[in-house]
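Student: Here it is: the structure, laid out below.
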C-alpha cells in the first residue's frame, strides 16, 4: 500500500502538460539569450576607453540680455569618464570675448549629459566654440 502511494505521487508530479513543457522551454531559451547578450555586451564594451563627443545642439534662446547655448556630451566609449570638463568660448574677430566652463561629475559608457552656456553677447555676431577639454578615469 505504501509503495503504491509513493509511485502515484511520483507519477502525478512528473505529469506536466505539453503546454507547460513548451512554456518552460521557451522561458529557458529567452533567459539564456538575455544572459548571453548581457555577457557579450559587457565583454565588448568594457575595454573601450571613454569617447566623448558633442551631440546635436538645440536652438539658442535669448532671455533678457543673456543668450543660452545648450549642448549635450555623449560618452560613446565603454568605460566611465569622471570630471568631464566642457569649455564654451565666444570669439569676436578671432579674439575670445567670453568663456565658460562646465563640469560633469560622472558619465558612464553610453550615457549623455546636457547643459547650457550663458553668454551676454549675441552668438550671431561672432563665433561660439564648444569642446570637451578633459576627463579622468575613476
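Residue numbers (full-length UniProt numbering): 1 to 138.
From the three backbone atoms N, C-alpha and C, an ideal C-beta is built for every residue, glycine too.
Is residue 16 helix, strand or coil when you go by DSSP?
Tutor: DSSP places residue 16 in coil when its eight states are reduced to three.
Student: Could you tell me which residues DSSP pairs with residue 72 in its beta bridges?
Tutor: In the DSSP output, where bridge partners are listed per residue, residue 72 has 114.
Student: To the nearest angstrom, how far is it from the Cα of residue 123 to the Cα of residue 102?
Tutor: Whole-angstrom Cα-Cα distance: 18 Å.
Student: Just mark residue 50 as buried or exposed, buried being the case when its beta carbon has 16 or more other beta carbons within 10 Å.
Tutor: That one is buried.
Student: Suppose contacts are defined by Cβ-Cβ distances below 8 Å. Is residue 73 in contact with residue 128 by that definition?
Tutor: No, the Cβ-Cβ distance between residue 73 and residue 128 is not below 8 Å.
Student: Could you tell me if residue 52 is buried or exposed, where buried requires 16 or more neighbouring beta carbons within 10 angstroms of its beta carbon?
Tutor: Counting Cβ neighbours within 10 Å, residue 52 comes out buried, since at least 16 surround it.
Student: With DSSP as the reference, identify every bridge partner of residue 38, one or two as the case may be.
Tutor: Beta-bridge pairing links residue 38 to no other residue.
Student: Based on Cα-Cα distance, which residue from 77, 68, 60, 69 lies nearest to residue 43?
Tutor: Minimum Cα distance to residue 43 is reached at 77.
Student: Taking all protein chains shown into account, decide if residue 75 is buried (16 or more other Cβ within 10 angstroms of its Cβ) or exposed.
Tutor: Counting Cβ neighbours within 10 Å, residue 75 comes out buried, since at least 16 surround it.
Student: Tell me whether the beta-carbon of residue 107 lies closer than 8 Å to the beta-carbon of residue 84.
Tutor: Result yes, Cβ atoms of residue 107 and residue 84 sit closer than 8 Å.
Student: How long is the line joining the alpha carbons of residue 93 and residue 71, rounded to whole angstroms?
Tutor: Between residue 93 and residue 71, the C-alpha separation is close to 23 Å.
Student: Quick check on residue 32: does DSSP put it in helix, strand or coil?
Tutor: It is helical.
Student: Tell me, which residues are paired with residue 54 by DSSP?
Tutor: According to DSSP, which records beta bridges pairwise, residue 54 is partnered with 73.
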